[in-house]
Structures are given as structure tokens and as C-alpha cells.
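Worksheet: the structure to be examined is printed underneath.
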Amino acid sequence: MVLVLCIGDLHVPHRAQDMPAKFKELLKPGKVDHILCCGNLCSRSLLDYLRGICADVKLVAGDFDDHDAPEQLVVTIGDIRAVMYGERLQINPGSATGAYSALTPDAKPSFVLMDIDGAKARWACLPATVYVYQLVDGAVKVEKIDYTKPGAPPAL
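The sequence shown: position 13 = 591 (the working numbering), numbered continuously.
Here it is in C-alpha cells:
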């Protein structure tokens, strides 16, 4: 099992003060194997925080970032290949702080955790289980989504 945290659009301190405390309680060092950040951290301290959670942090630059990061990046983790570009990941994690935007003025804080199991990816055609974490009315809600590659043969 490999756990991958997908996170982005934090916009600290411009649109949000910090990541919700309930998320920080969940995101402790040693819990995840990789972090994919799709931009708009806007804060060096948050980048340092993410590196404190996990040494393997991959990030791309967002519109409002001033750190030195590429605009796009291809990352391979196990049998999964992720393309990160322009604040997007094929699995869009939303905003970990709930930072508002013109499209989502009442956004709920959210992030995504992917569980990638190499053995399952090869033999059961189940490359990833995706957990969507959202802060709703002060409580963390989790939705589980099993991802199976389209056109993959059925599990044996």
C-alpha cells in the first residue's frame, strides 16, 4: 500500500489564514508516502509544513505562487502515472483551506488521499482507492471511491 496526498489551492495568507486544524490533526509525519501539490500554496511555511509530513513532495506552480516550481510535472508512483499541470491533477483535490474563488465562493476545505496498491493494480485491476476528505459543519467527512482503469480485464 502506498498513500499519496493530493492537495492544492491553499492560498495562505491571501484567501485563508491556514489549513483547518482538523486536517492538520490527520496529516502527521509518517502517515503518507508521497505528496502531490497542484499549486497555489502561496506560503513558504506551508511548503515547509508539507515537507515535514513527507520528504517526497512534488509540486507545480499555481497562478499565485512565487516559489520556484515547474508549471507541469509527470510523476510515476507504482503503476500510476500522474500528470500535474496548471493547478490541476486529474484528481482535483479542491482547496485544503476552503479558499474562495469566483467559481466557488463558498468552497468547503478538502483534500484527497489515494491508496495505491501495486499488487492490486497488477492482478485485481484496481489501481487506486481515492478518499475525499471534506470539512462540513466542523466535522471531517470522508468519501471512498474505488478507481478501476477503464477497459481493464475483470479481476480473477
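The C-beta atom is built at its ideal place from N, Cα and C for all residues, glycine as well.
Fair warning: this is a prediction, and the values are worked out from it, not measured in the lab.
Ranking Y711, P683 and V708 by CA distance to the CA of A594 puts P683 first. The beta carbon of P607 lies closer than 8 Å to those of G630, I631 and C632 in the same chain, with the five residues before and after it left out. Going by C-alpha positions, K600 is about 25 Å away from D643. C615 is positioned such that its CB atom lies closer than 8 Å to that of L628.
K609 sits close to L581, with the two beta carbons spaced by under 8 Å. The closest CA to that of H612, considering only D596, P591, V653 and H589, is found on V653. With a threshold of 16 other beta carbon atoms within 10 Å, I585 meets it and is buried. Per DSSP, the continuous alpha helix (DSSP H) segment holding L625 begins and ends at R622 to I631. Non-local beta-carbon contacts of S673 in its own chain, meaning distances under 6 Å to residues more than five positions away in sequence, involve D587 and A685 in chain order. Residues L691, V720 and K722 of the same chain have their beta carbon placed closer than 6 Å to that of Y709, with the five preceding and five following residues left out of the count.
Under DSSP, L637 takes part in a beta bridge, and its partners are C615. The residues L588 and V590, in chain order, have a CB closer than 6 Å to that of L624 in the same chain once the five nearest residues on each side in sequence are set aside. Its chain contains I631 as the residues whose beta carbon lies nearer than 6 Å to that of L605, once the 5 sequence neighbours on both sides are disregarded; these appear in chain order.
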